[in-house]
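I have placed the structure first, in the form of structure tokens, so that the comments after it can refer back to it.
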Amino acid sequence: ETGVTQTPRHLVMGMTNKKSLKCEQHLGHNAMYWYKQSAKKPLELMFVYSLEERVENNSVPSRFSPECPNSSHLFLHLHTLQPEDSALYLCASSQSGTGGYNEQFFGPGTRLTVL
Amino acid sequence: AQKVTQAQTEISVVEKEDVTLDCVYETRDTTYYLFWYKQPPSGELVFLIRRNSFDEQNEISGRYSWNFQKSTSSFNFTITASQVVDSAVYFCALSEAKGNEKLTFGTGTRLTIIP
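Protein chains in written order, with my numbering: chain A, 4 to 118; chain B, 16 to 130.
Here is the structure:
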């Protein structure tokens with residue numbers, strides 16, 4: 004595997020379900036990100052992990068819970084979601100510590116539908 | 016706070032025409048980086064280019080060229096002799112040197128190349 008991978012690619016869940024999104028990067032990076040992409044809205048940064056520590060949490064509701072067990076893996080745990088949470092969830096990675104210079108590499112995303 | 020504006024929501028051109036995608040940004044930092052990403056239908060964002068705030072030289076890469084003008088806070092992207100494979104959503108993004116690895120994205124421009 005190369006680059007950034009995300010599983011599952013598609014997920015349909017009810018409002019009372021609990022599910023997790025998984026992201027894995029094979030690039031040796033030390034920072035990972037979760038973004039939410041909704042129709043006709045800018046990409047919204049949700050969480051940033053740098054050196055496995057959460058350094059950014061953009062006022063994301065507590066029904067989204069991130070986990071970064073090591074620099075290669077990132078999870079987004081979901082519970083009691085709302086229909087408006089339906090979106091494409093993108094994971095990205097980069098080499099941090101360069102003052103914003105390095106580009107981020109993105110996975111293909113998980114298309115989430117909440118019924 | 017930083018902001019990126021892509022006023023063109025959707026553009027359609029006939030194959031082989033030239034097309035320019037506009038990007039206007041706002042930031043109070045003197046050191047920052049500007050990016051363009053391409054999002055094909057497969058979903059993952061693909062990095063195209065980065066410019067730093069101290070380098071206003073225009074750049075050309077094959078059929079792609081970028082015009083960075085600090086005086087107008089713009090970083091426009093031109094595709095020459097467009098091809099159907101250029102059809103995608105294009106995002107302009109900004110990161111600040113002090114921004115804790117955050118990328119601020121515009122809302123994107125959906126480009127359709129008509130055969």
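We put the CB at the ideal spot given by N, CA and C, even for glycine.
Handout entry: Three-way DSSP call (helix, strand, coil) for serine 86(B) in this model
Key = The residue given as residue 86(B) occupies position 71 in the second sequence. DSSP, reduced to helix, strand and coil, places serine 86(B) within a helical segment of the structure shown.
Practice task
Compare the C-beta of phenylalanine 120(B) against all C-beta atoms of chain A and say whether one is closer than 9 Å.
Solution key: Working through the second sequence from its first residue, we reach residue 120(B) at position 105. Yes, phenylalanine 120(B) counts as interfacial toward chain A.
Exercise for the section: Indicate whether the contact test is met: 3 or more Cβ pairs, each with one atom in the stretch 19-28 of chain A and one in the stretch 17-33 of chain B, closer than 8 Å. Expected result: Output reads no: the stretch 17-33 of chain B does not touch the stretch 19-28 of chain A.
Problem - Within-9 Å CB hit, leucine 126(B) to chain A - result: In the second sequence, counting from the first residue as 1, residue 126(B) sits at position 111. For leucine 126(B), the answer is no, since every Cβ of chain A falls outside 9 Å of its Cβ.
Exercise for the section: Confirm, please, whether the CB-CB distance from glycine 31(A) to glutamate 59(B) is below 9 Å. Expected result: Start at 1 with the first residue of the second sequence, and residue 59(B) comes out as number 44. Start at 1 with the first residue of the first sequence, and residue 31(A) comes out as number 28. In this structure, glycine 31(A) does not lie closer than 9 Å to glutamate 59(B) by Cβ.
Exercise for the section: Output yes if chain A places a C-beta closer than 9 Å to the C-beta of serine 102(B); else output no. Expected result: Walking along the second sequence from the start, residue 102(B) turns up at place 87. No - not a single Cβ of chain A is within 9 Å of the one on serine 102(B).
Exercise for the section: Check whether the Cβ of proline 45(A) lies closer than 9 Å to any Cβ atom in chain B. Expected result: Your numbering for residue 45(A) matches position 42 in the first sequence. Interface flag for proline 45(A) against chain B is set, since a Cβ pair is found closer than 9 Å.
Exercise for the section: Please confirm if the stretch 49-56 of chain A is in contact with the stretch 68-78 of chain A, defined as three or more CB-CB distances below 8 Å between the two stretches. Expected result: Segment contact: the stretch 49-56 of chain A against the stretch 68-78 of chain A, three or more CB-CB distances shorter than 8 Å; contact assigned.
Handout entry: Min CB distance threonine 46(B) to chain A below 9 Å
Key = Locating residue 46(B) in the second sequence gives position 31, counting from the first residue. Closer than 9 Å: yes.
Exercise for the section: Give a yes or no on whether the minimum CB-CB distance between phenylalanine 87(A) and chain B is below 9 Å. Expected result: The residue labelled residue 87(A) in the question sits at position 84 within the first sequence. This sequence places glutamate at residue 87(A); phenylalanine is not what is there. No, glutamate 87(A) does not count as interfacial toward chain B.
Problem - Candidates Gln98(B), Lys117(B), Glu32(B), of which the one nearest phenylalanine 50(A) by Cα - result: Taking the first sequence and counting its residues from 1, one reaches residue 50(A) at position 47. Sorting Gln98(B), Lys117(B), Glu32(B) by C-alpha distance to the C-alpha of phenylalanine 50(A) places Lys117(B) at the top.
Practice task
Note down, in chain order, all residues in the stretch 63-78 of chain B with a beta-carbon under 7 Å from any beta-carbon belonging to chain A.
Solution key: Here the close residues are Arg65.
Exercise for the section: Identify the contact partners of alanine 34(A) in chain B, using a Cβ-Cβ distance below 7 Å as the criterion. Expected result: One-based indexing of the first sequence puts residue 34(A) at position 31. The answer, in chain order, is Glu116.
Practice task
Would you list the residues sitting across from glutamate 56(A) in a DSSP beta bridge?
Solution key: Looking up residue 56(A) in the first sequence gives position 53. Under DSSP, glutamate 56(A) forms a beta bridge with Ser53(A).
Handout entry: Option in Arg114(A), Tyr104(A), Thr116(A) with minimal Cα separation from alanine 34(A)
Key = Sequence index remark: in the first sequence, residue 34(A) carries index 31 (1-based). It is Tyr104(A).
Practice task
Starting from valine 19(B), follow the beta strand (DSSP E) in both directions and report where the run begins and ends.
Solution key: Walking along the second sequence from the start, residue 19(B) turns up at place 4. Per DSSP, the unbroken beta strand (DSSP E) holding valine 19(B) starts and ends at 18-20.
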